[in-house]
Each structure stands twice: as structure tokens, then as C-alpha cells.
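Visitor:
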Amino acid sequence: MSDCPVLVEMRGIVKRYPGVVANDHVDFTLCSGEIHGLLGENGAGKTTLMSILYGSVKPDAGTILVGGSEYKPRSPRDALKRGIVMVHQHFKLVETLTVLDNIVLAARGAGLGYSRAELRERLARVSERYGLYVDPDARVWQLSASEKQKVELARALVLDARILILDEPTTVLAPSEVEGLFDLIRAMKRDGRSIVFITHRLGEALAVCDRITVLRKGRVAGVIDLSRERATPTMLTRIMFGEEPPPPPVRRERRRGRRVLLVEDLWVRGNRGHWAVRAVSFNLFEGEILGIAGVAGNGQLELVEAIVGLRRPERGRILIDGFDATGASARVLVDEGVAYIPEDRVGMGVVPGLTVAENTVLRGYWRRGFYERGVIRWPAVERHAERIVKEFDVKVGSVSFPVETLSGGNIQRLIVGREISLGPRILVAYNPTSGLDARAAAFIRRELAAMADEGAAIILVSEDLDEILMLSDRVGVMYKGVLLGPLTREEASREKVGYMMATGTGV
Ligand SMILES: Nc1ncnc2c1ncn2[C@@H]1O[C@H](COP(=O)(O)OP(=O)(O)O)[C@@H](O)[C@H]1O
Ligand SMILES: [Mg+2]
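Numbering (our numbering), first residue to last: 2 to 508.
1) State the start and end residues of the unbroken alpha helix (DSSP H) segment that holds PHE198.
2) Comparing alpha-carbon positions, which option in ARG156, ALA107, ILE196 lies nearest VAL7?
3) Can you tell me the Cβ-Cβ gap for SER330 and GLY310, rounded? I've got them flagged as a contact below 8 Å.
4) Can you tell which of ARG163, ARG446, GLU169 has its C-alpha closest to the C-alpha of GLN150?
5) Decide if the segment 282-289 is in contact with the segment 255-270; the criterion is three or more beta carbon pairs, one per stretch, under 8 Å apart.
6) Using the three-state DSSP reduction, which class does HIS91 fall into: helix, strand or coil?
7) Let me know the beta strand (DSSP E) ranges lying completely inside the segment 143-178, each 3 residues or longer, listed in chain order.
8) Can you give me the C-alpha to C-alpha distance between ARG495 and SER435, rounded to a whole angstrom?
9) Any chance the CB of TYR480 is under 6 Å from a heavy atom of ligand 3?
10) According to DSSP, simplified to helix, strand and coil, what is TRP367?
11) Cβ atoms of ALA175 and ALA503: under 7 Å apart, would you say?
12) Going along the chain, which unbroken runs of the beta strand (DSSP E) with 3 or more residues stay wholly within the segment 112-143?
13) Can you confirm whether the segment 478-486 touches the segment 293-305 when touching is taken to mean that 3 or more C-beta pairs between the two stretches lie within less than 8 Å?
14) With ligand 1 as the reference, list in chain order each residue whose Cβ lies under 6 Å from any of its heavy atoms.
15) Three or more C-beta pairs closer than 8 Å, one from the segment 95-106 and one from the segment 64-80: is that the case here?
16) Here's the rule I'm using: 16 or more other beta-carbon atoms within 10 Å means buried, otherwise exposed. How should ILE377 be labelled?
17) Go through its chain and collect everything with a Cβ distance to VAL352's Cβ below 8 Å, but skip five positions before and after it.
18) What does DSSP give as the partner residues of ARG479 in its beta bridges?
19) Keeping to the same chain, check which residues put their C-beta closer than 6 Å to that of ALA441; ignore five residues upstream and five downstream.
20) Please name the residue in ARG279, GLY418, LEU407 whose C-alpha comes closest to that of ILE342.
21) Could you check whether GLY69 and VAL15 sit closer than 7 Å to each other, using their CB atoms as the reference points?
22) Taking the alpha-carbon of LEU160 as reference, which of VAL135, ALA108, GLY13, LEU472 has the nearest alpha-carbon?
23) Could you tell me which uninterrupted alpha helix (DSSP H) segments, each at least 4 residues in length, are contained entirely in the segment 316-387, listed from first to last along the chain?
24) Confirm, please, whether the CB-CB distance from ALA45 to LEU158 is below 7 Å.
25) What do you reckon, are the CB atoms on ILE469 and VAL429 nearer than 7 Å?
26) Give me the Cα-Cα distance between GLU265 and VAL281, rounded to the nearest whole angstrom.
27) Comparing alpha-carbon positions, which option in GLU383, GLU420, VAL395 lies nearest THR334?
28) So, under 8 Å CB-CB, LEU485 and MET501 are touching, yes? Tell me the CB distance rounded to an integer number of Å.
29) Could you spell out where the alpha helix (DSSP H) holding ALA232 opens and where it closes?
30) What's the call for ALA493, buried or exposed, on a 16-neighbour Cβ count within 10 Å?
31) Ignore the nearest five residues each way along the sequence and tell me which others in ALA41's own chain have a CB closer than 8 Å to its CB.
32) Are there 16 or more other CB atoms within 10 angstroms of the CB of ASP438, so buried, or fewer, so exposed?
33) Give the straight-line distance between the Cα atoms of ARG239 and ILE53, rounded to the nearest whole angstrom.
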């Protein structure tokens with residue numbers, strides 16, 4: 002046991018959601034002036050536990066003490082009164098307001114009596130002290146993801162947070178920006194603040210934390226005090242997964258075939274009317290996986306949407322085996338053999354309210370066999386769905402259940418199964434494993450590798466650089482709408498690609 006000065010003590014925390022116990026009698030202590038890692042794979046219950054501390058989620062059971070006295074927050078406002086602030090994975094800033102307005106809003110919401118001028122002054126001081134330079138008069142939508150993170154951190158400090166909870170803060174950063182964040186976390190610690198650093202990356206936890214609590218499937222799997230024990234990645238992996246992690250995908254070496262896709266001088270606008278994709282050109286060949294890395298928000302989504310027919314390019318050409326597919330509809334592109342695995346599973350991927358079976362023919366229902374003389378042939382659809390469920394190991398009682406009864410991992414297996422069953426020439430996958438547990442992620446990666454081995458051409462867009470490097474034959478980087486590279490597999494080292502992600506140069 003640790004004898005550090007306990008600041009927060011959470012005991013026996015339970016939180017149930019339909020079908021899952023997100024926190025199952027979790028004990029957690031945070032000491033004064035420590036950097037405490039909360040480590041676990043996706044779905045382990047990290048965000049839930051800290052949302053309970055932050056007052057945005059109500060526990061079903063358990064008690065919390067802060068500074069020795071009982072603490073039962075009814076909202077984040079109560080948390081702030083105790084000096085607790087959480088910086089979320091998805092930022093909570095008002096995009097149309099300026100940086101300063103966002104801070105004023107938060108201060109008012111928390112009932113703090115600072116004037117606008119005082120807040121401006123405090124922001125300047127915080128920026129100076131921590132090297133967190135943000136323009137107080139910039140509008141939030143103009144900022145990059147890493148700048149928005151700086152705004153959230155600066156806001157927490159302006160509001161005098163003593164306990165900062167950072168939820169997966171490195172996911173919006175390029176690898177080279179991570180060390181800067183760690184320096185900032187260390188500086189906050191030197192000033193006597195306490196930090197909870199949530200991550201699913203064990204290397205990061207080992208790099209910056211004093212202690213680590215590991216969650217596995219909603220329970221505490223271990224607490225490690227790094228000042229007393231040596232911890233290795235292997236040891237942490239075992240605590241995180243409870244067993245050996247699933248095997249990585251294997252790509253058979255394979256010569257690439259004919260060119261199936263040519264994208265030439267493509268320009269695409271984003272939702273705000275700005276150029277999200279600028280003059281992008283590349284080739285894609287049979288049997289290859291082209292990885293596209295990049296920090297979120299650099300035009301990857303708009304590029305992909307143009308290719309799969311969900312967004313009209315303004316300029317340029319998309320040729321599929323010589324067929325001019327520029328601006329073609331998603332339906333035409335399905336017929337041309339383009340499949341799409343989106344990140345937004347419920348919304349783009351499946352339609353809630355429809356059954357599992359109906360969802361398996363959403364794309365391609367007009368194809369022969371399912372649709373004859375204006376009627377859908379349900380027995381054929383059900384047989385098709387049952388085949389996908391079996392082959393892709395989708396856990397569901399019956400294909401006539403509503404699709405929203407499936408877990409995220411099973412919905413993703415269903416989408417991957419559906420898209421692969423279209424027999425695509427080109428598969429576009431956008432963050433296909435985000436939010437999945439390790440086993441489901443490994444399964445999807447093996448399917449992608451197998452498809453490429455069978456001759457499909459795959460575009461893999463992912464914010465997970467390790468996933469890109471593991472699977473891709475060539476690696477490009479999207480940076481401010483421009484596609485850098487692609488590099489060959491041999492050229493694409495972690496350092497090189499990471500540098501390109503952060504700076505937009507370095508080829
Ligand atoms: N609002 C919610 N409604 C239903 N299920 C949820 C909700 N929030 C989290 N869960 C579920 O609780 C589990 C833990 O989630 P979470 O705390 O977000 O994990 P982590 O942050 O470690 O990835 C997951 O199975 C997730 O699907
Ligand atoms: Mg989380």
C-alpha cells in the first residue's frame with residue numbers, strides 16, 4: 002500500500018448500463034500532487050469512473066471522499082467547487098465563440114465571480130507559466146485539435162483546478178506533441194496539482210505516471226506504484242488483458258496487381274466551406290493496403306467521403322478501373338465495387354430501428370437475389386444475414402433482433418461482414434477499430450489483411466499509427482488537407498511518419 006497523502010478516495014463504485022457493468026465495485030485513490038495513470042483497454046470503464054468523480058455520471062453504489070470529507074457531486078459544477086475538472090476526449094467547447102468567451106462562460110457556469118478582464122488577465126498568466134499559448138480572441142472552430150486541447154487545459158487552470166482529469170489526451174496529438182503534453186503535466190504536478198491521466202497506451206502510462214491503476218472489464222486489475230516497483234510493458238499488458246494479447250494480423254507478402262483507383266487533383270470542401278482536401282492525387286493497386294495516417298481533422302474524413310460517394314468533390318477526378326466515378330452516388334459506387342467501413346457505426350454504419358437482417362442488405366439491397374420485380378425477398382435476406390453472423394462471429398440471438406441491441410464490437414463485425422460480402426474491389430475503412438476491445442480489433446485487422454491478400458485494394462484511414470504501420474503496404478499522411486507521401490513500407494518508420502503528422506514535412 003502507498004502512504005502518500007490521499008486526496009480522493011473512491012470506494013466500491015458500481016455503475017451499470019444495460020447489458021454491461023461499466024464499474025464493478027471499483028476502489029480508486031488519488032494522492033495529493035501525483036500523476037496517476039488510469040490504464041485499460043477500450044471499454045474497461047475508465048471514462049465512466051472519472052465521469053462519476055466529475056459529477057457527470059451518477060453511480061449506482063459507492064462512496065467518495067475528497068480531502069477527507071464526503072463528496073456527492075450532482076453535476077460538474079459541484080466538482081469544480083472542489084477544484085475538480087475533467088478534460089474530455091471530445092472537447093466541450095462552443096465552436097462559434099472565442100477562446101475567452103468560452104472561459105467566461107465556464108466561469109459563470111461555475112458561479113465564479115471573475116470579471117471578463119480578470120479572466121483575460123488570468124489566462125495570460127496561465128499561458129505564460131505553462132507555455133500554453135492560445136489566442137484569447139480566436140474562435141474555437143478555427144483551432145486545430147491540439148490547440149483546442151490547450152484551450153481546455155488553460156481553462157481548467159484559469160478556473161483553479163486542483164485535480165485535473167485528462168481523458169485520453171494524447172489521441173488528438175501527433176506523436177511528437179506528446180512529450181510537450183507530458184512536460185505540461187509534470188509542471189502542473191510541481192505546482193502541487195494532482196492529475197489523473199487516462200490512457201489505453203501503456204507506454205504513455207509508464208512514461209509519465211507516479212502510480213497506475215489498471216482497469217479490466219470494469220474491475221481494478223492492479224495498482225502499481227512506480228516509485229517502489231519496476232513495471233515492464235509485458236507485465237502491464239498481462240494485467241490489462243488478463244492473458245496474452247491477441248495475435249497481430251499477418252500479411253502474406255504479395256506483389257501488387259493492376260491499378261484499380263486513380264485519384265487526381267481532388268479538391269473537396271468541408272462542412273464550413275473551407276478546403277478540407279487540397280489537390281490530392283494517388284493511385285491504389287489491387288492487393289495493397291494504402292494506409293493514411295494523420296491527426297484527426299486534417300481532411301481524412303472528407304477525402305474518404307468523396308471517394309465513397311457521400312461528398313461531392315469540387316475539382317479533380319476519381320477513376321475506378323477507367324470508369325469516371327467523380328461525384329457518383331454511393332449507390333452507383335457500391336455497384337462499382339466500393340465498400341465502406343465508417344467510424345460512426347450508428348448513423349453511417351447501421352440504421353437503428355431496423356433488424357440485424359435488414360441492416361445486412363442496406364447497401365446493395367437492389368442487387369439480384371434480394372430484390373425481384375419490386376419486392377424484397379426476405380428469406381434470401383435472412384439467409385444472407387445468418388451467413389454473415391456465423392462467419393464474422395457476431396454475437397446476437399436472432400437476425401430479427403433490432404440492430405441496436407448489439408454491442409459496439411458486434412455492430413462493427415456486422416458492418417465489416419456486410420461490406421466484405423459485397424465482394425468489393427475497393428474497400429475504404431475509416432478508423433475501423435476505434436473503440437473496440439482488443440479481441441474485436443484484432444479480428445477486424447485480420448479480416449482486412451486477408452481481403453488484401455485475396456486481391457482487394459484497401460484504403461485504411463486510421464488515427465492509430467501502430468495500426469497503420471502494422472497493416473499497410475504504403476503509408477500517406479494527411480496534413481491540412483494535403484496528402485504527403487505515400488512512403489513505401491520500408492521508408493515508413495514510426496519516427497518519420499510521426500514527424501510528418503506533426504509538421505507536414507519530412508518526406
Ligand atoms: N452512457 C452509456 N450508456 C450505455 N453504455 C455505456 C455508457 N457509457 C459507457 N458505457 C459502456 O460502459 C463500458 C465502459 O465504458 P467506458 O467507461 O467509456 O470505457 P473506457 O473509457 O475505459 O473505454 C463500455 O462497455 C461502454 O459501452
Ligand atoms: Mg474512455
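We treat Cβ as the ideally placed atom computed from N, Cα and C, and that holds for glycine.
Guide: Looking at the atomic coordinates:
1) Walking along the sequence shown from the start, residue 198 turns up at place 197. Here PHE198 belongs to no alpha helix (DSSP H); instead the beta strand (DSSP E) covers 195-200.
2) Along the sequence shown, read from residue 1 onward, the residue named residue 7 stands at position 6. Ranking the options by Cα distance to VAL7, first place goes to ILE196.
3) Residue mapping note: residue 330 aligns to position 329 of the sequence shown, counting from 1. Residue mapping note: residue 310 aligns to position 309 of the sequence shown, counting from 1. Rounded, the Cβ-Cβ distance is 5 Å, consistent with contact.
4) For this step, residue 150 is matched to residue 149 along the sequence shown. The shortest C-alpha separation from GLN150 is found at GLU169.
5) yes
6) Residue mapping note: residue 91 aligns to position 90 of the sequence shown, counting from 1. In the three-state scheme derived from DSSP, where H, G and I count as helix and E and B as strand, HIS91 is classed as coil.
7) Runs of the beta strand (DSSP E) lying entirely within the segment 143-178, each at least 3 residues long, are 164-168 in chain order.
8) Taking the first residue of the sequence shown as 1, we reach residue 495 at position 494. Taking the first residue of the sequence shown as 1, we reach residue 435 at position 434. If I take the Cα positions, the gap works out to 20 Å.
9) With respect to small molecules bound, the structure shown includes ligand 1 and ligand 2 and not ligand 3.
10) Here residue 367 is taken as the residue at index 366 of the sequence shown, counted from 1. Three-state result, TRP367: coil.
11) Position 502 of the sequence shown holds residue 503. Position 174 of the sequence shown holds residue 175. Yes, these two residues count as a Cβ contact at 7 Å.
12) For the segment 112-143, not a single whole beta strand (DSSP E) run of length 3 or above is found.
13) Taking a cut-off of 8 Å for Cβ pairs, the segment 293-305 and the segment 478-486 touch, as three or more such pairs fall below it.
14) TYR18, VAL21, ALA23, GLY41, ASN43, GLY44, ALA45, GLY46, LYS47, THR48, THR49
15) no
16) Position 376 of the sequence shown, counted from the first residue, corresponds to residue 377. Under this definition ILE377 is an exposed residue.
17) Within the sequence shown, numbered from 1, the residue matching residue 352 stands at position 351. So the list reads GLU359, ASN360, LEU363, VAL404, once near-sequence residues are dropped.
18) Here residue 479 refers to the residue found at position 478 when the sequence shown is read from its first residue. For clarity, residue 479 is Met in the given sequence; the question names Arg instead. Partner(s): LEU484.
19) Walking along the sequence shown from the start, residue 441 turns up at place 440. Closer than 6 Å at the Cβ level, and outside the excluded window around ALA441, lie GLY410.
20) As a working mapping, residue 342 is identified with position 341 in the sequence shown. The residue with the shortest Cα to Cα distance from ILE342 is GLY418.
21) Numbered from its first residue, the sequence shown carries residue 15 at position 14. Numbered from its first residue, the sequence shown carries residue 69 at position 68. Not a contact, by the Cβ cut-off of 7 Å.
22) In the sequence shown, the residue the question calls residue 160 occupies position 159. LEU160 has its Cα closest to that of ALA108, out of VAL135, ALA108, GLY13, LEU472.
23) 331-336, 357-361
24) Numbered from its first residue, the sequence shown carries residue 158 at position 157. Numbered from its first residue, the sequence shown carries residue 45 at position 44. No, the pair does not count as a contact, with Cβ atoms beyond the cut-off.
25) Taking the sequence shown and counting its residues from 1, one reaches residue 469 at position 468. Taking the sequence shown and counting its residues from 1, one reaches residue 429 at position 428. Cβ distance not < 7 Å, so ILE469 and VAL429 don't count as in contact.
26) As a position in the sequence shown, residue 265 is number 264, starting the count at 1. As a position in the sequence shown, residue 281 is number 280, starting the count at 1. So the alpha carbons of these two residues sit roughly 6 Å apart.
27) Here residue 334 refers to the residue found at position 333 of the sequence shown. Sequence check: residue 334 is Leu here, not Thr. Minimum Cα distance to LEU334 is reached at GLU420.
28) On the sequence shown, residue 485 is found 484 positions in, with the first residue counted as 1. On the sequence shown, residue 501 is found 500 positions in, with the first residue counted as 1. Correct: roughly 5 Å between the Cβ atoms.
29) Against the sequence shown, residue 232 aligns to sequence position 231. For ALA232, there is no enclosing alpha helix (DSSP H), as DSSP marks it with neither H nor E.
30) Taking the first residue of the sequence shown as position 1, residue 493 is located at position 492. The residue in question, ALA493, is buried, as its Cβ has 16 or more Cβ neighbours within 10 Å.
31) Here residue 41 refers to the residue found at position 40 of the sequence shown. Per the sequence presented here, residue 41 reads as Gly, with Ala not at that position. Closer than 8 Å at the Cβ level, and outside the excluded window around GLY41, lie LYS47, HIS201, VAL215, LEU216, ARG217, ALA222, MET241.
32) For this step, residue 438 is matched to residue 437 along the sequence shown. Result: buried.
33) The residue given as residue 239 occupies position 238 in the sequence shown. The residue given as residue 53 occupies position 52 in the sequence shown. Looking at the two C-alpha atoms, the distance is approximately 27 Å.
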